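Written below as structure tokens is the structure these notes are about.
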Amino acid sequence: MDIVVKGRNVQVPDHYREHVNAKMTRLERYNRKAMRAEVELFHEKNPRQAKNCQRVEITLKGKGAPIRAEACAGDFYAALDAATTKLESRLRRMHDRRKVHYGQHNPTSVAEATAAMADRPVVTGPVGSGSGGAEGRTALLEAPQEAPAQSAEVPGQRMTEEDAYAPGQVVREKEHSAKPMTVDEALYQMELVGHDFYLFADADSGRASVVYRRKGFDYGVIRLADA
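Its first residue numbered 1, the sequence shown is counted upward by one per residue in UniProt numbering.
And the structure:
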């Protein structure tokens with residue numbers, strides 16, 4: 001599997017890349033068809049997330065829909081651990097679903113399969129301890145407690161005026177092709193990418209529809225109606 005590690009205004013040292021490679025290699029047993037893993041690191045711009053400002057996003061690409069997980073923590077090692085835990089949980093569900101399908105049993109719906117499941121607790125503290133722990137390994141990855149008064153640049157992070165956080169902006173646009181699918185298939189895809197909603201073409205009605213996560217483990221569906 002091709003593993004790509006990149007930082008958005010973050011300098012990624014070699015020892016962190018090696019740590020990511022070891023993490024991703026262990027996940028290959030769940031999905032042999034994954035051909036590429038993209039791991040992106042960036043500092044959360046929202047000042048309300050100052051205590052958990054380091055974000056890691058992981059996307060597995062291969063045959064079929066991409067599988068995605070992300071997490072925030074106080075340092076990039078803890079964020080990577082939390083993101084890989086979420087990703088492993090989704091890969092396990094996908095692996096179990098395939099085993100049920102090939103065994104010719106009736107597959108469990110996504111709502112039933114996830115009713116008693118929740119993501120593992122997110123670790124927000126440093127990983128490891130002592131001189132060889134995360135505190136010594138993340139010096140190039142952690143944002144400083146206070147920005148230098150005389151300099152606009154921070155080691156390991158180059159921020160521009162365009163990167164400054166400003167709420168209420170459209171910061172990303174996406175387009176994706178979609179084959180018609182059932183509501184249960186759309187819920188399954190939503191779980192794989194780790195979103196709270198999923199836009200799809202409903203195979204039954206032919207309309208653009210959205211499934212979304214409600215409080216607890218319930219789901220909802222929104223469909224467009226003719227004017």
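We treat Cβ as the ideally placed atom computed from N, Cα and C, and that holds for glycine.
Bear in mind the structure is a predicted one, so any value in this text is a computation, not a measurement.
Among the options, the one whose alpha carbon lies nearest that of residue i
i	options	result
residue 77	64, 23, 219, 36	23
residue 71	80, 188, 215	80
residue 26	203, 88, 96, 209	88
residue 19	8, 30, 29, 4	4
residue 218	224, 187, 201, 73	187
residue 208	226, 62, 31, 67	226
residue 245	73, 44, 91, 224	Examination of residue 245 is not possible in this model, given that the chain is present from 1 through 227 alone.
residue 204	215, 198, 223	223
residue 31	66, 16, 11, 15	66
residue 96	63, 29, 15, 196	29
Classification of residue i by the beta-carbon crowding that lies within 10 angstroms, buried from 16 upward
i	result
residue 93	buried
residue 75	buried
residue 191	buried
residue 171	exposed
residue 84	buried
residue 202	buried
residue 7	buried
residue 11	exposed
residue 189	buried
Separation of residue j from residue i, as counted between CA atoms
i	j	result
residue 58	residue 34	13 Å
residue 13	residue 56	15 Å
residue 39	residue 213	25 Å
residue 44	residue 200	29 Å
residue 2	residue 196	28 Å
residue 16	residue 36	18 Å
residue 174	residue 73	26 Å
Test item: CB-CB of residue i and residue j under 8 Å
i	j	result
residue 42	residue 21	no
residue 206	residue 68	no
residue 221	residue 183	yes
Are three or more beta carbon pairs between the stretch 52-66 and the stretch 171-184 nearer than 8 Å? no
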